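Encoded as structure tokens, the structure appears first; notes follow it.
Below is the structure:
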């Protein structure tokens, strides 16, 4: 059983008690809300011209995410989950897509990106700044591009993407604790974030606030 402390993460939910239907917004138009992609994307996410996502690596990990969000996992298998991801990307129709993946989900996610974009590049990366923690970033673009992400830690790669890639806004519909939000805010870019776990989103909201972001809340 997941501990109550684990469910609450760092306790940011006490200061930023985001609930279903609320939208946390910044003055530049950035927004965060609770959403489960199997039920649909927030409308504002569809305005993004760049996407970065780090989806669950397996059905077991996905089920654990739902458990931590105190919800029932609605998909029967991982391929069904990937189909939901693809549908969301098709609805957004971005100019650029970046998908972080791991050994367990790479074989499903690479073909998905290849079915959506004419140019696909795969960077080998690390996470937690540990050389033995391997991951990949799959890049889908309409023109051949190389953003120099090879060998970078995923944290640094996300900050580089938000700083260097010429997009108007970026969305992450698995926002979690807000790496994309922090990187986009640091770069002065607009971001749209959603996640089904309110406790994780509260951490994202808090981290942006610590960087100077001032949030307003609407229904």
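Numbering (the UniProt record's numbering), first residue to last: 1 to 219. Using N, Cα and C, we set each Cβ at its ideal position, and we do this for glycine too. Quick caveat: nothing in here was measured; it's all calculated off a predicted structure.
For this session: Report all residues from its chain with a CB closer than 8 angstroms to the CB of residue 10; omit the five preceding and five following residues, and keep chain order.
Result: 203, 206
Exercise. Once you ignore the five residues that flank residue 73 on each side, which residues in its own chain have a CB closer than 7 angstroms to its CB?
Worked result: 62, 63, 66
For this session: Express the C-alpha separation of residue 69 and residue 4 in angstroms, rounding to a whole number.
Result: Residue confidence is low: residue 4 scores 47 on pLDDT, short of 50, so the model does not pin down where it sits. No coordinate-derived value is stated.
Exercise. Where in the region 19-101 do unbroken runs of the alpha helix (DSSP H), each at least 4 residues long, occur, reported from the N-terminal end onward?
Worked result: 59-68, 78-92
For this session: Can you check DSSP and say which residues form a bridge with residue 125?
Result: 135
Exercise. Which stretch, first to last residue, makes up the beta strand (DSSP E) that contains residue 167?
Worked result: No beta strand (DSSP E) contains residue 167, which DSSP labels as neither H nor E.
For this session: Report the rounded CA-to-CA distance for residue 124 versus residue 34, giving the unit in angstroms.
Result: 31 angstroms
Problem set entry | Cβ shell of residue 13 (< 7 angstroms), same chain only, five flanking positions each side left out | 198, 199, 202
Exercise. In three-state terms, what does DSSP make of residue 245?
Worked result: Summary: the structure shown does not reach residue 245, with the chain confined to residues 1 through 219, and so no result is reported for it.
Problem set entry | Closest by C-alpha distance to residue 116, when choosing among 30, 141, 55 | 141
Exercise. Per DSSP, what kind of secondary structure is residue 163 in: helix, strand or coil?
Worked result: helix
Exercise. Going by alpha carbons, who is nearest to residue 166 out of 189, 152, 194, 150?
Worked result: 189
For this session: Please work out which residues of its chain come closer than 6 angstroms, Cβ to Cβ, to residue 152, disregarding the five sequence neighbours upstream and downstream, and give them in chain order.
Result: 125
Problem set entry | Cutoff 7 angstroms; reference residue 150; Cβ partners in own chain excluding five residues on either side | 123, 124
Problem set entry | Same chain, Cβ closer than 7 angstroms to residue 93, neighbours up to 5 away in sequence not counted | none
Exercise. Taking the alpha carbon of residue 56 as the point to measure from, which residue in 18, 80, 119 has its own alpha carbon closest?
Worked result: 80
For this session: State the CB to CB distance for the pair residue 31 and residue 23, rounded to an integer number of angstroms; the pair is presumed to be in contact (CB under 8 angstroms).
Result: 5 angstroms
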